[in-house]
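So the sequence shown is residues 0 to 289, counted in numbering that gives the first Met the number 0.
Shown next, in structure tokens, is the structure this report addresses.
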Amino acid sequence: MAKGLEERVMGLIRGDRLVRRGDKVMVAVSGGKDSAVAAWILAKHAEELGIEVALLHLDQQIHEYSSDARKTVEKLAKQLSVPLYVHEWRKEWGTGLGEIAEKLHKAPCHVCGVLKRYYQNIIPKKLGYNVVATGHNLDDSVGFIINNLINGQIEYIAKLAPMLPETELTVRKIKPLFWIQEWEIRKFADEHSIPYTNTRCPFQQFAPTYHIRRSFDVVEEKRPGTRKAFVKNVMKLARAVKKVNETKKPKACKYCGAPTNGDVCAVCKMKIKLGLEPGKIVLPEVMKWN
Ligand SMILES: [Zn+2]
């Protein structure tokens, strides 16, 4: 019989040394099934792996979607009895994602992507965690690759991997579900009664990768294993590009210390544009359960 999801995930965590003894791992949870399953597996095996696990939720403050997601991650954290940190965007930006994007004249998914990557690095770093885990799956990688090919951003594809090592400016980024398909994750979450919400982000119809991801469903059905082969072979191809990429070393943002190619990072630039104080991060308080 084929190996189960949990066994394959643990195989990747151990085989590729995604975590080491003594690591403090923050799992970025959205309320959706992918990050919930990643958190569930890491929390379940925390002791044998010798790691500490906490959850980080970014509350974008998009009305109903956010309150639903928030309730779900609280339920998940209680069930796993791990600490939860919730970063509320309103506290730092004075408003939610929709309005921030409008004021900046940018697409909400673009702003959300930039801010997510930013906080998923700077919050763990400031709170003393050295690893951030996300729920990215095989379907996400397919969407990511094709979208970047369409936009001509080949150098981004070179960074696609189950693990990006720690640097001076960034925590280690790990994707335990890297080789797992979305449908398998849904099945696993349902079978194990892992709390997740199906409520979709209202901006999702604007997400550039949504239709690309779904178009692969037909291909996968006709030729099972296509997603895996596709991602594996593109990663092979990307290794050649990587060498060029590695010569460019990012600098620290002069306001907040996040990695950037210039002197000021994209997020601090956004804050300056909005008349907010750059580099001022409102760190979330911990919620603990007994
Ligand atoms: Zn900055």
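We put the CB at the ideal spot given by N, CA and C, even for glycine.
- Annotated three-state conformation of L168 is coil, per DSSP.
- Relative to ligand 1, the beta carbon of C252 is positioned inside 7 angstroms of a heavy atom.
- Remark: the C-beta of V281 is outside contact range of ligand 1, defined as less than 7 angstroms to any heavy atom.
- Using a cutoff of 7 angstroms, the CB of A257 counts as near ligand 1, since one of the ligand's heavy atoms is closer than that.
- Here T166 is exposed: its Cβ has fewer than 16 other Cβ atoms, across all protein chains shown, within 10 Å.
- Distances from the CA of R89 to each of G97, C252 and P82 were compared; the closest alpha carbon is that of G97.
- The beta carbon of K77 is closer than 8 angstroms to those of W288 in its chain, skipping five residues each way along the sequence.
- Judged by their CB atoms, G30 and T94 are not nearer to each other than the 8 angstroms cut-off.
- For E87, the pairing in a beta bridge is given by DSSP as D58.
- For the stretch 100-172, the continuous beta strand (DSSP E) assignments of 3+ residues that do not extend past its boundaries occur at 130-132, in sequence order.
- Contact annotation: H135 and K174 have beta-carbon atoms nearer than 8 angstroms.
- Secondary structure note for A37: its alpha helix (DSSP H) is the uninterrupted segment K32 to K43.
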